[in-house]
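Trainee: Residues 36 to 150 (my numbering) are what the sequence shown spells out, left to right.
One structure coming up, written as structure tokens, with questions to follow.
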Amino acid sequence: MAEAVARNSEGSLGIVIGGSGQGEAMVANRVSGARAMVFYGPRLPMGAINIEGHKSDDPFEIVRLARQHNDANILSIGARFVSEEEAKQAILIFLETEFSNEERHFRRVKKIDEN
Numbered sequence: 036m037a038e039a040v041a042r043n044s045e046g047s048l049g050i051v052i053g054g055s056g057q058g059e060a061m062v063a064n065r066v067s068g069a070r071a072m073v074f075y076g077p078r079l080p081m082g083a084i085n086i087e088g089h090k091s092d093d094p095f096e097i098v099r100l101a102r103q104h105n106d107a108n109i110l111s112i113g114a115r116f117v118s119e120e121e122a123k124q125a126i127l128i129f130l131e132t133e134f135s136n137e138e139r140h141f142r143r144v145k146k147i148d149e150n
């Protein structure tokens with residue numbers, strides 16, 4: 036799946052589900068162009084969510100930030116840690132959230148993909 040997502044890079048997204056989601060993300064991230072994030076369930080951010088110091092009361096903020104700031108193209112869900120409804124919500128957010136297109140985020144993604 037990671038190879039297919041990386042090969043079809045423009046707008047291609049993937050979702051993988053595992054016990055913790057961690058191993059799946061590690062394997063996916065070995066593929067150049069794959070940027071997997073792990074979702075363990077909803078949780079409120081403990082501090083600012085960006086350099087401007089904005090706060091959030093959205094328990095799925097991490098999914099949005101991974102797409103907006105890091106152009107995550109794979110969502111790895113830890114099935115032992117989330118309910119079916121939480122997983123569905125995370126998937127919906129992941130699919131609907133766009134990359135921010137800010138220059139600093141482009142530079143970040145370029146650095147990620149170089150490794």
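Don't be surprised by glycine CBs; every beta carbon is placed ideally from N, CA and C.
Measuring alpha carbon to alpha carbon, tell me which of Tyr75, Glu38, Arg70, Asp93 ends up nearest glutamate 119.
Mentor: Position 84 of the sequence shown, counted from the start, is the residue given in the question as residue 119. Comparing Cα positions, the closest option is Tyr75.
Trainee: Relative to the alpha-carbon of isoleucine 126, which residue among Ile84, Gly46, Ala83, Val51 has its alpha-carbon at the smallest distance?
Mentor: If you number the sequence shown from 1, residue 126 lands on position 91. For isoleucine 126, the nearest C-alpha among the options comes from Val51.
Trainee: Within a Cβ cutoff of 6 angstroms, which residues of the same chain sit near serine 47, ignoring the five residues on either side of it in sequence?
Mentor: The count along the sequence shown starts at 1 and reaches residue 47 at position 12. Contacts found: Val40.
Trainee: Which residue marks the beginning of the beta strand (DSSP E) containing phenylalanine 74, and which one marks its end?
Mentor: On the sequence shown, position 39 is the one that residue 74 refers to. Here the beta strand (DSSP E) through phenylalanine 74 covers 71 to 74.
Trainee: Thinking C-beta only, is glycine 53 closer than 8 angstroms to serine 135?
Mentor: Taking the first residue of the sequence shown as position 1, residue 135 is located at position 100. Taking the first residue of the sequence shown as position 1, residue 53 is located at position 18. Contact: no.
Trainee: Any chance the segment 55 to 67 sits against the segment 79 to 98, with 3 or more Cβ pairs inside 8 angstroms?
Mentor: No, they do not touch.
Trainee: Bridge partners of serine 111, per DSSP?
Mentor: Residue 111 sits at position 76 when you count from the first residue of the sequence shown. Partner(s): Val51, Val73.
Trainee: Provide the residue span of the alpha helix (DSSP H) that contains aspartate 100, from first to last.
Mentor: In the sequence shown, counting from the first residue as 1, residue 100 sits at position 65. Reading off the sequence, residue 100 comes out as leucine, not aspartate. Taken as a continuous stretch (DSSP letters only), the alpha helix (DSSP H) holding leucine 100 covers 96 to 105.
Trainee: Using the Cα positions of glycine 113 and isoleucine 128, report the straight-line distance between them to the nearest angstrom.
Mentor: Position 78 of the sequence shown, counting from 1, holds the residue named residue 113. Position 93 of the sequence shown, counting from 1, holds the residue named residue 128. The alpha-carbon atoms of glycine 113 and isoleucine 128 are separated by roughly 16 angstroms.
Trainee: What's the call for methionine 61, buried or exposed, on a 16-neighbour Cβ count within 10 Å?
Mentor: On the sequence shown, residue 61 is found 26 positions in, with the first residue counted as 1. With fewer than 16 other Cβ atoms within 10 Å, it is exposed.
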